[in-house]
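One structure is given below, encoded as structure tokens.
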Amino acid sequence: MPYITQHKRIEIMQGKGSTTPGELNFTLTTLCSDYAGIPEHLDYTKINEIIGVLECIKLEFYRRVAIPFEEKKIQINGDVYHKGNCARSEIGRCTCED
Ligand SMILES: [Zn+2]
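With the first letter of the sequence shown counted as 1, position 11 gets the number -1 in this note's numbering; the numbers rise by one all the way through.
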């Protein structure tokens, strides 16, 4: 949630940066709110633009950051999806070879 303390808001707006999920939420919310402008001039196109950009940021972040991270964890800890040699075979619940 973006409703962090007024003190934190000022620090972030002065360029301190965000170090918690709430502060990051505040930062992004502020950027979106500034782009949206005053409510009297807000229209669906502007709302659609903002949501579209946020969605593209999410997808690109997932593609560039989350996927490589998850692939590394699969290499370290093993896959969860059935691909043969999965951990479920140890408890008789593997369907890899069915
Ligand atoms: Zn399996």
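Cβ coordinates follow ideal geometry from the N, Cα and C atoms, glycine included.
- Taking 7 Å as the cut-off, the C-beta of His29 does not count as close to any heavy atom of ligand 1.
- Within 7 Å of the C-beta of Ser77 there is at least one heavy atom belonging to ligand 1.
- Distances from the CB of Thr83 to the heavy atoms of ligand 1 include at least one below 7 Å.
- Nearest to Thr8 by C-alpha distance, out of Tyr69, Thr(-7), Leu19, Cys20, is Thr(-7).
- His(-5) has its CB no nearer than 7 Å to any heavy atom of ligand 1.
- At least one heavy atom of ligand 1 is found less than 7 Å from the C-beta of Cys74.
- Put simply, of His(-5), Glu11, Met1 the residue whose alpha carbon is nearest the alpha carbon of Met(-11) is Glu11.
- A straight line joining the alpha-carbon of Glu43 with that of Thr83 spans about 35 Å.
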